[in-house]
Amino acid sequence: MHASFRRQLILDRIKEDGRVQVAELSQTLGVSRMTIHRDLSRLAEEGLVRRVRGGAEALTEPGDLLGGGRCPMCSMRVRQRTAFIVQCAEGAQLRACCPHCGLLLLDSRPSAVSALAADFLHGRMINVRTATFLVEPNLTVCCTPSVLCFQQREDAIRFQKGFGGWVMDLFQAQAHLRGVMRLKTMMDEP
Ligand SMILES: [Zn+2]
Ligand SMILES: [Zn+2]
111 MHASFRRQLI LDRIKEDGRV QVAELSQTLG VSRMTIHRDL SRLAEEGLVR RVRGGAEALT
171 EPGDLLGGGR CPMCSMRVRQ RTAFIVQCAE GAQLRACCPH CGLLLLDSRP SAVSALAADF
231 LHGRMINVRT ATFLVEPNLT VCCTPSVLCF QQREDAIRFQ KGFGGWVMDL FQAQAHLRGV
291 MRLKTMMDEP
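According to this note's numbering, the residues represented by the sequence shown are 111 to 300, in order.
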C-alpha cells in the first residue's frame, strides 16, 4: 500500500471516528506501529490532525465550531464570517452572530473567561482582548450599530478611512455599545 494512500485512509478514519489508536491501525492496515507513528506525525505536521497519547485525534474544524447555531442575543444564524465566541468558566461556549451581539453577550456573562472573534479581513479567529474594533462604520454586516473586529489595528484604520466609525479597543467598544443600547432602550420606551 502506497504511503500517501495509507495516510488518506488514516485521515478518513480520524474524520469519521474523531480519533484513532496506533495499535489498532497497525493491525487493521497490516503495517508496523512505527510506520503508523510516522504517518500520524506527518499528518500532524501538515496540521491535519492532533497527536495524542497512543494515537491522534481530529482537529475541531472552524465549520463544526461555528456552523448552524443561533445567536443567543438576537437569534440570527451564526455565520463563520462574523462569528464571536464567548467561553464561560463553567465550560459553556456561546456563539454570537457578530461582534455587536458578542460584546453585549460578553457583558451579560460575568463568568466569561475569554472570547474569540473572526477577523473581519482575514477570517481567522482571534483573541478579542488584543483585537481592535471598528465601531459604527457605514457598513452593515449583521446587527446595528455595526461592530467589526480586526487583529491588526492598521486594518481597522484602513476600514475606517473607507467606512468611517471609531477605532476602539475591547474595553472602549464594550462601553460604547453599552451606552448606545441604553439610549436605544430609553428611546424605545413609550
Ligand atoms: Zn446576534
Ligand atoms: Zn449580529
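Positions of the beta carbon are idealized from the N, C-alpha and C atoms, including for glycine.
Just so it is clear, the structure is predicted and the values come from calculations on it, not from any experiment.
State yes or no: is the C-beta of S301 nearer than 8 angstroms to some heavy atom of ligand 1? Coverage of the chain is limited to positions 111 through 300, which leaves residue 301 absent and any answer about it impossible.
- Query: For N237, which beta-bridge partners are listed by DSSP?
  - Reply: One-based indexing of the sequence shown puts residue 237 at position 127. In DSSP, N237 forms a bridge with L226.
Collapsed DSSP secondary structure at M296 in the structure displayed: As a working mapping, residue 296 is identified with position 186 in the sequence shown. Of the three classes helix, strand and coil, the one that applies to M296 here is helix, per DSSP.
*Who are the near neighbours of A72 in its chain, counting only those whose CB is closer than 8 angstroms to its CB and skipping five residues on each side?*
With the chain covering only 111 through 300, there is no way to say anything about residue 72.
What does DSSP give as the partner residue(s) for F260 in the beta ladder? Position 150 of the sequence shown, counted from the start, is the residue given in the question as residue 260. Answer is T242, bridged to F260.
Worksheet item: What number of angstroms, rounded off, separates the C-alpha of R117 from the C-alpha of V159?
Response: By one-based count along the sequence shown, residue 117 stands at place 7. By one-based count along the sequence shown, residue 159 stands at place 49. The straight-line gap from Cα to Cα measures roughly 11 angstroms.
Looking at the unbroken beta strand (DSSP E) that takes in S160, where does it start and where does it end?
Working through the sequence shown from its first residue, we reach residue 160 at position 50. Before going further, note that residue 160 is Arg rather than Ser in the sequence given. Per DSSP, R160 belongs to the beta strand (DSSP E) from V159 to V162.
Margin query: On the criterion of 16 or more Cβ atoms from any shown chain inside 10 Å, does D149 qualify as buried, or is it exposed?
Written below: As a working mapping, residue 149 is identified with position 39 in the sequence shown. Per the 10 Å Cβ criterion, buried.
request  = Excluding the 5 residues preceding and the 5 following P182 in the sequence, name in chain order all residues of the same chain whose CB lies nearer than 6 angstroms to its CB.
outcome  = Locating residue 182 in the sequence shown gives position 72, counting from the first residue. If we look at P182 and ignore the five residues flanking it on each side, its Cβ neighbours are L204.
### Q190: first and last residue of the uninterrupted alpha helix (DSSP H) it sits in
Reading the sequence shown from its first residue, position 80 is the one you call residue 190. Looking at the DSSP string, Q190 is not in any alpha helix (DSSP H), and its letter there is neither H nor E.
_Check for me: the alpha helix (DSSP H) holding R123 runs from which residue to which?_
Position 13 of the sequence shown, counted from the start, is the residue given in the question as residue 123. Looking at the DSSP string, the run of the alpha helix (DSSP H) that includes R123 is A113 to D127.
Notebook entry, point to check: Does at least one heavy atom of ligand 1 sit under 8 angstroms from the Cβ of A227?
Noted result: By 1-based counting over the sequence shown, the position of residue 227 is 117. No, ligand 1 has no heavy atom inside 8 angstroms of this Cβ.
* To do: State the DSSP-derived secondary structure class of Q133, mapped to helix, strand or coil.
  => Position 23 of the sequence shown holds residue 133. Reading off the sequence, residue 133 comes out as Ala, not Gln. In this structure, A133 counts as helix in the three-state DSSP scheme.
- Task: Pull up the distance between the alpha-carbon of G164 and that of V132, whole angstroms please.
- Result: Numbered from 1 along the sequence shown, position 54 holds the residue referred to as residue 164. Numbered from 1 along the sequence shown, position 22 holds the residue referred to as residue 132. Roughly 6 angstroms separates the two Cα atoms.
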